[in-house]
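These notes are about the structure you will find just below.
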Amino acid sequence: NAGVTQTPKFRILKIGQSMTLQCTQDMNHNYMYWYRQDPGMGLKLIYYSVGAGITDKGEVPNGYNVSRSTTEDFPLRLELAAPSQTSVYFCASSYSGRGSTEAFFGQGTRLTVV
Amino acid sequence: TQLLEQSPQFLSIQEGENLTVYCNSSSVFSSLQWYRQEPGEGPVLLVTVVTGGEVKKLKRLTFQFGDARKDSSLHITAAQPGDTGLYLCAGAGTNSGGSNYKLTFGKGTLLTVNP
Numbered sequence: 015n016a017g018v019t020q021t022p023k024f025r026i027l028k029i030g031q032s033m034t035l036q037c038t039q040d041m042n043h044n045y046m047y048w049y050r051q052d053p054g055m056g057l058k059l060i061y062y063s064v065g066a067g068i069t070d071k072g073e074v075p076n077g078y079n080v081s082r083s084t085t086e087d088f089p090l091r092l093e094l095a096a097p098s099q100t101s102v103y104f105c106a107s108s109y110s111g112r113g114s115t116e117a118f119f120g121q122g123t124r125l126t127v128v
Numbered sequence: 234t235q236l237l238e239q240s241p242q243f244l245s246i247q248e249g250e251n252l253t254v255y256c257n258s259s260s261v262f263s264s265l266q267w268y269r270q271e272p273g274e275g276p277v278l279l280v281t282v283v284t285g286g287e288v289k290k291l292k293r294l295t296f297q298f299g300d301a302r303k304d305s306s307l308h309i310t311a312a313q314p315g316d317t318g319l320y321l322c323a324g325a326g327t328n329s330g331g332s333n334y335k336l337t338f339g340k341g342t343l344l345t346v347n348p
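If you read the protein sequences in the order shown, they are chains A and B. This note's numbering runs 14 ahead of the 1-based position in the first sequence. This note's numbering runs 233 ahead of the 1-based position in the second sequence.
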């Protein structure tokens, strides 16, 4: 199985441009997440989804949008890119085991906004 | 507010040494996970602990969940260069009503094991 696949792996955007980060998983997980990781700051939750058609904001949603039309796909949209959005973005999916949640991550998208 | 504090932030040791890293919180978690992340990759799950006082072993790695389910530790015996990476703890479900499927991550401990 491929697990969680993110594209692209690298991208440079100019200020004000838009782009979509793609994420797909083949594990039939209900839950999907987008995190950003900045140096020394751990992982911050941007948006998450508990199933197709359902999304909700995480800690740092401003400047981003998501959609979840299928179980497999969870794209992240950046509108009007800003330098503060320079980061590494990780998509993850999970199932809910008894008393636990275990996340599987993609390899990340390194985004630079100049 | 950062719910999970990891220490130390950086750790550089020689091959063969032992080490312990810590993950502390003022919140109770229903479960806690440890992940390892290598450069250019996403985090990979090492272990999940669920029961207060639980101890799990994964080869040379020993994980412990505190009795009150607020803290955890990771002990590595006889560290090897292959253990180098960023170790992240993540908690699910808090006594403040957090959802069980949302993980809160610490900032991580960056471990370097020198040959």
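Yeah, the Cβ is synthetic: ideal placement off N, Cα and C, and Gly gets one too.
Q. Which whole-angstrom value describes the C-beta separation of Gly324/B and Leu236/B, a residue pair presumed to lie in contact below a C-beta threshold of 8 angstroms?
A. To locate residue 324/B, count along the second sequence from 1; it is residue 91. To locate residue 236/B, count along the second sequence from 1; it is residue 3. With 8 angstroms as the limit, Gly324/B and Leu236/B qualify as a contact, their Cβ atoms being about 7 angstroms apart.
Q. Between which two residues does the beta strand (DSSP E) harbouring Lys289/B extend?
A. Taking the first residue of the second sequence as 1, we reach residue 289/B at position 56. Counting along the chain, the beta strand (DSSP E) containing Lys289/B begins and ends at 288 to 291.
Q: Could you name the residues of the same chain whose beta carbon sits closer than 8 angstroms to that of Asp70/A, not counting the 5 residues immediately before and after it, in chain order?
A: As a position in the first sequence, residue 70/A is number 56, starting the count at 1. Counting only Cβ-Cβ distances below 8 angstroms, and skipping sequence neighbours, we find Tyr61, Tyr62, Ser63, Val64.
Q.
8 angstroms is my cut-off, CB to CB: does Lys340/B come that close to chain A?
A. In the second sequence, residue 340/B corresponds to position 107, counting from 1. Closer than 8 angstroms: yes.
Q. Which term fits Ser249/B, buried or exposed, when burial requires 16 or more other beta carbons within 10 angstroms of its beta carbon?
A. Counted from its first residue, the second sequence places residue 249/B at position 16. What sits at residue 249/B in the sequence shown is Gly, not Ser. Exposed.
(Q) On a Cα-Cα basis, can you pick out the residue from Ala106/A, Thr115/A, Gly77/A that is closest to Thr38/A? (A) Taking the first residue of the first sequence as 1, we reach residue 38/A at position 24. Nearest of Ala106/A, Thr115/A, Gly77/A to Thr38/A, Cα basis: Ala106/A.
**Q.** Length of the line joining the Cα atoms of Pro241/B and Tyr103/A
**A.** One-based indexing of the second sequence puts residue 241/B at position 8. One-based indexing of the first sequence puts residue 103/A at position 89. One C-alpha to the other measures close to 24 angstroms.
(Q) Between the alpha carbons of Lys23/A and Phe88/A, how many angstroms are there, rounded? (A) Start at 1 with the first residue of the first sequence, and residue 23/A comes out as number 9. Start at 1 with the first residue of the first sequence, and residue 88/A comes out as number 74. For Lys23/A and Phe88/A, the distance between alpha carbons rounds to 16 angstroms.
Q.
To be precise: take each residue of the stretch 73 to 91 of chain A, compare its Cβ to all Cβ atoms of chain B, and keep it if any distance is under 7 angstroms. Which residues remain?
A. none
Q | Same chain only: Cβ atoms within 7 angstroms of Leu125/A, ignoring 5 sequence neighbours per side | A | Here the question's residue 125/A lines up with position 111 in the first sequence. If we look at Leu125/A and ignore the five residues flanking it on each side, its Cβ neighbours are Arg25, Leu27, Gln99, Thr100, Ser101, Tyr103.
**Q.** For Gly72/A and Thr281/B, the rounded distance between their alpha carbons
**A.** The residue given as residue 281/B occupies position 48 in the second sequence. The residue given as residue 72/A occupies position 58 in the first sequence. Whole-angstrom Cα-Cα distance: 22 angstroms.
(Q) Considering only DSSP beta bridges, list what Arg269/B is partnered with. (A) Start at 1 with the first residue of the second sequence, and residue 269/B comes out as number 36. Answer by DSSP bridge pairing, in chain order: Val277/B, Tyr320/B.
Q. Pro276/B touches chain A at which residues, Cβ-Cβ below 7 angstroms?
A. In the second sequence, residue 276/B corresponds to position 43, counting from 1. The answer, in chain order, is Phe119.
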